[in-house]
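Data block below; observations after.
Following this line, the structure appears as C-alpha cells:
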C-alpha cells in the first residue's frame with residue numbers, strides 16, 4: 001500500500017468523492033471482504049459489493065487475497081493507498097495557472113503554486129510508479145512565529161534573497177544532460193482550528209481592521 005496516491009482521472013475522482021465509497025476506502029486501510037465491510041459500516045452487503053467493484057475499476061482498491069469458505073470464494077480487498085490527493089489536472093480546463101498573474105504577495109497565487117505542485121509531482125509519481133522507479137525530490141516543512149508584521153516582512157525578504165542567490169549559483173542553462181527542477185517556497189499563516197479557539201487577546205487573533213497590521217495589506221491577501 002502506498003502512503004499517498006494521486007488521483008488524476010475525473011472518473012476516479014468522482015468515485016472517491018462518493019460518501020459511501022469514501023467510507024469504504026477509509027475502512028480498507030485494513031484488508032476486508034464485502035461481508036466484513038458491511039458489518040463494519042452498517043451497510044447491506046450487496047451495496048458494498050457494488051461500490052467495491054466501482055472502486056476496483058478505478059484502481060482505488062485492489063484484491064489482496066481470495067479465501068475458500070466451503071463452496072464460496074471470499075474476496076478480500078485493500079485500499080491501494082493510505083490516503084489520496086486529487087490532482088488539479090482533474091479540472092484541467094479551470095485549474096489554477098500561476099503564470100497568469102504572478103504576485104508574491106497574493107494568497108491566491110500561492111494557492112495556484114500549490115496546485116501546480118500537486119499536479120506536477122502527482123504526474124511524476126504516476127510515471128515513476130509505472131516504470132518502477134523513484135522520484136528525486138526534496139522538501140522542507142517548518143513553523144516560525146513572528147513577533148510582528150515587520151519581522152515577517154524582513155524574513156520574507158531575506159528568504160527571497162537567499163533562494164535567488166542559490167538559484168543563481170547552481171543554475172546552468174547549457175549543462176549537457178541537465179534536468180530542470182522547480183523550487184517552490186511559500187509562507188502563510190497557519191489556520192486556526194476554529195474561530196472560537198482564538199482568544200481575542202492572543203497574538204494570533206485577527207484584528208478588526210487587518211490593514212492596521214503594521215501598515216500591510218489585509219492578511220488574507222498577503223501571505224507574508
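Numbering (this note's numbering), first residue to last: 1 to 224.
C-beta atoms are modelled at their ideal positions from N, C-alpha and C, and glycine is treated no differently.
Cβ-based burial, residue i [other Cβ within 10 Å; buried from 16]
i	result
residue 79	buried
residue 44	exposed
residue 170	exposed
residue 81	buried
residue 6	buried
residue 24	buried
residue 72	exposed
residue 15	buried
residue 127	exposed
residue 89	buried
residue 32	buried
residue 152	buried
residue 60	buried
residue 110	buried
Residue i versus residue j - alpha carbon distance
i	j	result
residue 4	residue 51	21 Å
residue 1	residue 160	38 Å
residue 188	residue 96	18 Å
residue 181	residue 167	10 Å
residue 156	residue 42	51 Å
residue 8	residue 27	22 Å
residue 158	residue 142	16 Å
residue 146	residue 185	17 Å
residue 154	residue 121	30 Å
residue 178	residue 104	28 Å
residue 48	residue 183	43 Å
residue 172	residue 34	55 Å
residue 37	residue 113	39 Å
residue 102	residue 115	14 Å
residue 21	residue 174	50 Å
residue 165	residue 149	24 Å
residue 74	residue 13	28 Å
residue 139	residue 163	14 Å
Proximity below 8 Å, CB of residue i to CB of residue j
i	j	result
residue 225	residue 87	Residue 225 cannot be examined here, being either before or after the span of the chain that is shown, 1 to 224.
residue 135	residue 124	yes
residue 58	residue 29	no
residue 92	residue 76	no
residue 62	residue 54	no
Delimiting residues of the alpha helix (DSSP H) encompassing residue i
i	result
residue 12	10-17
For residue i, the first and last residue of its enclosing beta strand (DSSP E)
i	result
residue 5	2-7
**Request:** Run through the segment 109-162 for me and flag every whole beta strand (DSSP E) of 3 or more residues, listed as ranges in chain order.
**Result:** none
**Asked** Which full runs of the beta strand (DSSP E) of 3+ residues lie inside the segment 25-111, going along the chain?
**Response** 61-69, 72-79, 81-86
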